[in-house]
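Okay, structure first, notes after.
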Amino acid sequence: MKAYIQLLQEELILRRLSLIQLISYFGAWFSNVAIYTLLIHLHVSAEVVAFVAMLNFLAGVIQAPFSGPVIDRFRPKVLMLFLIFVEIVATFGLIFVHDVTDLNLLYILIFVKMAGASFYFTTEMSLLPKILDAKKLQGANELHSIIWSLSYTLGMAVSGFVVYWLGIKVAFLLDALMFVVAFFLLYDLKFKDEIIHIQENFLLMMKDTFFYFKRNPKAWHLMILHAFVGLTAFDALVALMVEKYYASFIATSLALGLLHSFRAIGLVVGPIVLGKWINNRRLIYIFIGQGMAVWLWGYLMHNFYLSLLASLFVGFFTTTLWSYSYTLLQKNIDEKYYGRIVAYNDMLFLSVAAFTSYMIGYLTKMNYSLENISFFMGVGFFIGALYYNFILKKDKINEI
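According to the numbering used here, the sequence shown is numbered sequentially starting from 2.
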């Protein structure tokens, strides 16, 4: 933890960006709990729950081929301010969703909101390698995950009570207010807001990127590796668990908040424990640990209190898995391609997350138990471990 504090003290720009992340992420979880609480109260099908979860990732998939060239051509600060504004408008619009007849409006607003969030994230992750060296970049990625996890923990826990006591609409308004605060914090931030002057048009830039993949196949392999983290898209699974097992004896919003909070505790603690231990070779054990934790969760999910404990173990490996695989990609590509390759990487990651969310709903409709679904998800991480072993034997991967 001291290393992260020192990093924030040394890097003023990173410190402000991290504060903006904390505020905006914290606000976002208010609406996340509120949305799933609303869906459960409306008694929608498992397919609708899974579709909403999928929408959280689908926007990033669709925009990724275009976001990379845009990021490489425009000033990061201007682009990030515009994207936060989009999130403010879309979040505020959620207060107009009242019943099942408004589901189409809900779908549109979630899609637009998450498009802005995904684009903002890709822009920031393309900016960090330009202002930080390799070791600080790994720390910044871990810090980003810890901030996400911390805001996730506090946001989910507090929002469960906010939704329970004050209602769904208040949660949406608080979320929008958080984004307004984040907007002004970014507006006031001064940093070297430069772009790399590239002469090619968008189509030529996309074509050049694919040629780069052909010349550097390890970049493609590392993108696929990071995409396995998309199997941690548990939102639909958690919502269906609450509806099936826990809603009869605990308020829906409280159950959602507690389950996500315990997993987020693991997300925060994991990188603190594993940060100094992890290296290229040991990453394979993180994949294995993640798979085993998901299996444990599936075995215990029928019991609410044991499921809370298992959620903690599920989160324990995720942050390190995400941050280290992301850093490996960032440090094994050329600076000219940061924006485009990070965008394609996010597209691949979000595609897996969207597919995972869809399959949770589809398999539930096909009468697969939630326990069996979690078993299939755990298997995916063991496949990821085998794939990473293949990459290590095939390519020379720069050590972080």
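Yeah, the Cβ is synthetic: ideal placement off N, Cα and C, and Gly gets one too.
Pairing Y213 with L330, the inter-Cα distance amounts to about 14 angstroms. Residues of the same chain with a CB within less than 7 angstroms of the CB of S32, apart from the 5 flanking positions on each side, are T92, L95, A172, F173, D176 in chain order.
Contact between the stretch 250 to 259 and the stretch 367 to 375 is absent: fewer than 3 CB-CB pairs across the two stretches fall below 8 angstroms. Put simply, of A116, V239, L128 the residue whose alpha carbon is nearest the alpha carbon of F83 is A116. Residue nearest to K114 within the set L128, N57, G258 is N57 (criterion: CA-CA distance). Taking each of N373, D236, L393 in turn and checking the Cα distance to E48, the smallest one comes out for D236.
Distance between I361 and L238, taken at the CA atoms: about 7 angstroms. In this structure, S352 sits away from G299, with a CB-CB distance that is not shorter than 7 angstroms. Remark: C-beta atoms of A220 and I85 do not approach each other more closely than 7 angstroms.
Here DSSP, grouped into helix, strand and coil, assigns H99 to coil. Contact between the stretch 125 to 140 and the stretch 291 to 305 is not established, with fewer than three Cβ pairs separated by less than 8 angstroms. With three or more CB-CB distances shorter than 8 angstroms, the stretch 316 to 334 counts as touching the stretch 137 to 145.
Taking C-beta atoms as the reference points, G381 and L313 fail to come closer than 7 angstroms.
Under the DSSP assignment, N390 falls in the alpha helix (DSSP H) whose first and last residues are 371 to 395. Contact annotation, I398 with I392: C-beta distance approximately 7 angstroms; criterion of less than 8 angstroms satisfied.
Residue ranges of uninterrupted alpha helix (DSSP H) with 4 or more members, entirely inside the stretch 121 to 173 and ordered along the chain, are 135 to 167. In chain order, I89 place their CB closer than 7 angstroms to the CB of V181, counting only its own chain and leaving out the 5 sequence neighbours on each side. Out of H44, W166, K395, the CA that lies nearest to the CA of L104 is found in H44.
Per DSSP, the continuous alpha helix (DSSP H) segment holding V239 begins and ends at 236 to 242.
For G117, the three-state secondary structure derived from DSSP is helix.
Secondary structure of E12 (DSSP, three-state): coil. Boundaries of the alpha helix (DSSP H) around Y327: 305 to 331. I72 and A344 do touch by the CB rule: their CB atoms are close to 7 angstroms apart, below 8 angstroms. Approximately 15 angstroms separates the beta-carbon atoms of T320 and L232; this is outside 8 angstroms, ruling out the contact.
Each residue's CA atom was taken as its position, placing S160 and L205 some 46 angstroms apart. Y188 counts as exposed, since fewer than 16 other C-beta atoms from the protein chains shown sit within 10 angstroms of its C-beta. For R216, the number of other beta carbons within 10 angstroms of its own is below 16, and it is reported as exposed. In the displayed model, S249 falls within coil according to three-state DSSP, outside both helix and strand. Distances from the alpha-carbon of I132 to those of E11, D396, G316, Y359 put E11 closest. The C-beta separation of A51 from Y359 comes to about 6 angstroms, placing the pair in contact by the 8 angstroms criterion. Here E336 is exposed, its C-beta having fewer than 16 other C-beta atoms within 10 Å. Here M179 is actually not in contact with L371; their C-beta atoms are around 32 angstroms apart, not less than 8 angstroms. F318 places its beta carbon 7 angstroms or farther from that of I279. Nearest to S119 by alpha-carbon distance, out of K332, I63, A248, is I63.
It is roughly 28 angstroms from the alpha-carbon of H145 to the alpha-carbon of I109.
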